[in-house]
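In numbering that gives the first Met the number 0, the protein residues as written are 0 to 547.
Yeah, the Cβ is synthetic: ideal placement off N, Cα and C, and Gly gets one too.
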Amino acid sequence: MPTEQDATETAPSLGPQTAAARRRELTPDERERLRAESRARRRAREAAEDRPPREGHPPEPQAGEISVRRMEADERGPAHATPAAGRFLVAHSAARHPIPVPEPAAPARPALPPLPRLPDDLRDRGVLLLGLACAAGAVVCLVATLASGLFGGASAGGMQGEPSRQAVAPGGWIALAGSDAPADARLVLESRSEGGRWRSFGEGESDGDGRFRLRGRVLERPGRVMLRARAPGAAAATPVAVTVRPLRLASVGDINLGDDPGAAIAANGPRYPWEDTGAALRKADLAFGNLESAVSKRGEPVPKEYNFRGTPQALAGLRRHSGIDVLNLANNHVGDYGPEATLDTIRGVQRLGMKAVGAGPNLRRALAPQVVERLGLRVAFVGFSEIAPVEFAAAEDRPGTAWADPEAIASAVQAARRRADVVVATFHWGIEKQTLETARQRELADVAVRAGAQVVVGAHPHTLQPVRRQGGAIVAYSLGNFVFGAESDETSTTGILELDLTAEGVSRARWRAARISGGRPLLDDSRPRRLPLRDSVAMEAGVNLFDL
């Protein structure tokens, strides 16, 4: 092992190699100066990195600092000596070999903080919303393209149309009138039910100013239906909504404005007979009854067992408080006070806006159908009587009623069928107080049904008789009394027959039961009862209204 002198002599260019030699080589001032320079370099480096030294962990020494730390460790003794590898570093004398001080490095560019990470559910929701927004934008662009290109530059809302009614019966007529159509263009009227396709059911043309009116029969089932006018290859009107529903016909039996009811009206006012049933009748689209009395201040009673006559005020109260639209006058009491009173009755009914059926100033008028339009359906009424006195029957030059002759019945019903969608034939027939129809009633009903009647309503027996299906028609043989002086259970049991009508006939039937008290009907608390129209066996056998 070489001595300190050997080591110094063999390596003069390297300077002292042992710790003792290094301690002798540097003075205390030089060592202090080196320490100060080391500290200065450390502070410069920390300032460049812009961070404080970690607590409890001094900065790692740089190349120029290592030799000083090794000398300090040697001075403190073997317990603080540096590793062997560090002993080969040479500490140069400040005088002979100045320790190079590295240039301070350029400040490092601080790193940007990482973006916060969204939760997975929020990120997925955002992606979904972005996708929906893009899809909606694509749909809007597509619709705009179709509106401008498919119709040759005309907007679907260019034409405007208004329906003639807001509700229409199945098979009923409806019109769409509007403007802004192409001039002198062919147009089609189209309808579409919910979830269905557009289909045409009428056509027409616009005028030179683009105005139009198209008409057709609605073919859809009950529900909400859209209508529009369309010019093929050009434009379509903005669709409008209408309601399709059956027409409701409410029918009642005998109405007597004289006798006991007439006295009650005089004492209590014209509204008295209708206080309980008027709202139900007014709710129907069309209401019908049999007026079983004359209405006049003229004439003398005809010699017979019963003579009934009411006042014009009582008739006006009927119209106002019951809402009845059609009255049958073909019966054995309209002529109770002679031909003049019969004419007064006919004129009084018409003057109040109601239809007078089965009577007239002559036979032609007595047989003529009386047509009422509701919900786009034309409903025609014809009336006949075969109850004496026969002197009440009309003639070519005499006012009166239409007599129930089979040939006249068939001819009148056929004439009504040509003018209307639904025909109601009403009869004054049968035997009083009987609860079943006679063979003659069946025969006359068959004549009317074969001629085209879809509904047959009877009166005169003062009791309820069965409702049957005959062929494609519903026949109510007698609806009994309604506003009448009745006392027995059979004659005081009454009600309202409600029929739903379409262009094909009766689609539904209900019975609202009532009882007569003090000459006026009072509805039962029970709900309306449906008739089993789809049960052909039950309907042919007959539905007893007493049991409903």
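Proximity of residue i and residue j at Cβ, strictly below 7 Å
i, j, result
"V370", "R416", "no"
"T400", "S410", "no"
"A365", "A393", "yes"
"R297", "E339", "yes"
"D259", "G484", "yes"
"V167", "S190", "no"
"V549", "A293", "Shown here, the chain extends from 0 to 547; a query on residue 549 therefore has no answer."
"P405", "V446", "yes"
"A180", "F200", "no"
"A249", "I495", "yes"
"I386", "H459", "yes"
"L314", "G347", "yes"
"A540", "P531", "no"
"L544", "L463", "yes"
"P527", "R509", "yes"
"W172", "G457", "no"
"A403", "L443", "yes"
"R247", "E497", "yes"
"A236", "M353", "no"
"V505", "A452", "no"
Same chain only: Cβ atoms within 6 Å of residue i, ignoring 5 sequence neighbours per side
i, result
"N327", "N289, V356, G357, G382, T425"
"Q312", "P269"
"P520", "T276, F481, T493, A513"
"F380", "V325, V356, Q369, V423"
"R377", "V370, A419, D420"
"V126", "Because the pLDDT of V126 is 48, which lies under 50, any placement of that residue in the model is unreliable, and the number read from its coordinates should be weighed accordingly. Excluding sequence neighbours, V126 sits near nothing in its chain."
"G209", "S178, D179, A180, A182"
"R529", "R509"
"V448", "Q469, G470, A472"
"G518", "D259, P260, A263, G484"
"G322", "L280, R281, A286"
"A184", "S205, A230"
Beta-bridge pairing of residue i - partner residues as DSSP gives them
i, result
"P338", "P338 pairs with nothing; no bridge assigned."
"T462", "According to DSSP, T462 bridges with nothing at all."
"L188", "G201, A228"
"T493", "A513"
"I254", "L290, V482"
"G172", "Note on residue identity: the sequence assigns Trp, not Gly, to residue 172. According to DSSP, which records beta bridges pairwise, W172 is partnered with R216."
"P520", "I515"
"Q469", "A472"
"V371", "V378"
"H427", "S384, A458"
"D499", "R247, R507"
"A392", "T400"
"G268", "Note: G268 sits in no beta bridge, so no partner."
"K354", "V325"
"S178", "Q159"
Candidates the options: closest to residue i by CA position
i, options, result
"S491", "K432, G171, L33", "K432"
"R533", "E436, I495, P527, R467", "R467"
"L500", "R449, T341, A472, W273", "A472"
"A278", "Y271, L314, H320, F287", "H320"
"G257", "G322, T344, E202", "T344"
"F287", "R529, N361, V454", "V454"
"P245", "R373, K354, R397, R229", "R373"
"P302", "D488, L522, F391, G157", "F391"
"A329", "I323, E304, R350, L362", "L362"
"D396", "E442, P360, S525", "P360"
"N331", "E489, E291, Q349, L280", "E291"
"A234", "S205, G222, R220, P221", "S205"
"E202", "G194, P231, G195, G222", "P231"
"V542", "P465, D524, S535, E503", "P465"
Nonlocal neighbours in the same chain, by C-beta distance under 7 Å from residue i, ignoring five residues either side
i, result
"W197", "E189, R191"
"P300", "N306, D335, Y336"
"T341", "A293, V333, G334, A358, P398, G399"
"R511", "A279, G494, I495, E497, L522, P527"
Any non-hydrogen atom of the ligand COA closer than 6 Å to residue i Cβ
i, result
"R533", "Among the ligands in the structure shown, none appear at all, so the ligand COA cannot be discussed."
Sequence-distant residues of its chain with Cβ nearer than 8 Å to residue i (five each side left out)
i, result
"Q165", "V241, T242"
"V239", "G160, E161, P162, L175, M225, L226, R227"
"R220", "P169, S192, V243"
Problem set entry | contact_flag[the segment 213-220, the segment 466-481] where n(CB pairs < 8 Å) is 3 or more | By the Cβ rule, the segment 213-220 does not count as touching the segment 466-481, because fewer than three pairs are nearer than 8 Å.
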